[in-house]
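Asks: In my numbering, the protein residues as written are 76 to 217.
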């Protein structure tokens, strides 16, 4: 099994528009939402290649619940450590000329929440064949 670690998981939201009027009203043609963050994205690819994966990291608030729900719906096993703050959202505005990305900073993680994750991670890593740690760090993580 390959464990992926995403300490700053996100709910990736993509708005599809033909073109953006940055000073007016834009009608969104399509909206896509899915769990994201570098480690989550790695887990998706590994699972598609037939590898057994486990997504771990930090998630909190309503956005964290949406992340966990999407992982279950995608068939990606997850063992996320809860945090009090709300996980971040990333917004992509995709138009025919390209895309613009907006990244929220993510939750402030306390020392106690980080310690709880490390304890959980230590118990999981003994069963892993490999570990992928990737992505940005949330605020409060050194």
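Where a beta carbon is used, it is the ideal one built from N, C-alpha and C, also for glycine. This structure is a prediction, so every number in the text was calculated from the model and none was measured.
Can you give, in chain order, each stretch of the alpha helix (DSSP H) that sits fully within the stretch 176-202 and has at least 4 residues?
Replies: For the stretch 176-202, whole alpha helix (DSSP H) runs of length 4 or above, ordered along the chain, are 186-200.
Asks: Express the C-alpha separation of residue 200 and residue 120 in angstroms, rounding to a whole number.
Replies: Each residue's alpha carbon lies about 20 Å from the other.
Asks: Mapping DSSP to helix, strand and coil, what is residue 107?
Replies: In the structure shown, residue 107 sits in a strand (DSSP, three-state: E or B).
Asks: Could you check the C-alpha separation between residue 154 and residue 114 for me, to the nearest Å?
Replies: Distance between the alpha carbons of residue 154 and residue 114 is about 13 Å.
Asks: Please name the residue in 211, 203, 102 whose C-alpha comes closest to that of residue 76.
Replies: The candidate whose alpha carbon is nearest that of residue 76 is 203.
Asks: Exposed or buried, what is residue 177 when buried is set at 16 or more other beta-carbons lying within 10 Å of its beta-carbon?
Replies: Answer is exposed; the Cβ neighbour count stays below 16.
Asks: Can you look up residue 214 in the DSSP assignment and give me helix, strand or coil?
Replies: Looking at residue 214 - three-state DSSP - the assignment turns out to be strand.
Asks: Report the partner residues of residue 141 according to the DSSP bridge assignment.
Replies: Answer is none; residue 141 lacks a bridge partner.
Asks: Considering just the uninterrupted stretch of the alpha helix (DSSP H) at residue 121, what are its terminal residues?
Replies: Here the alpha helix (DSSP H) through residue 121 covers 113-123.
Asks: Assuming contact is defined by CB atoms lying nearer than 8 Å, are residue 170 and residue 92 in contact in what I supplied?
Replies: Yes, the Cβ-Cβ distance between residue 170 and residue 92 is below 8 Å.
Asks: Under the rule that 16 or more other beta-carbon atoms within 10 Å means buried, what is residue 96, buried or exposed?
Replies: So residue 96 counts as exposed.
Asks: Let me know if residue 159 comes out buried or exposed under the rule of 16 or more other beta-carbons within 10 Å of its beta-carbon.
Replies: Counting Cβ neighbours within 10 Å, residue 159 comes out exposed, since fewer than 16 surround it.
Asks: Do you know offhand how far residue 205's Cα is from residue 78's?
Replies: Using only the alpha carbons, I get a separation of about 6 Å.
Asks: Just to confirm, are residue 85 and residue 175 a CB contact at a threshold of 8 Å?
Replies: Contact flag unset, no.
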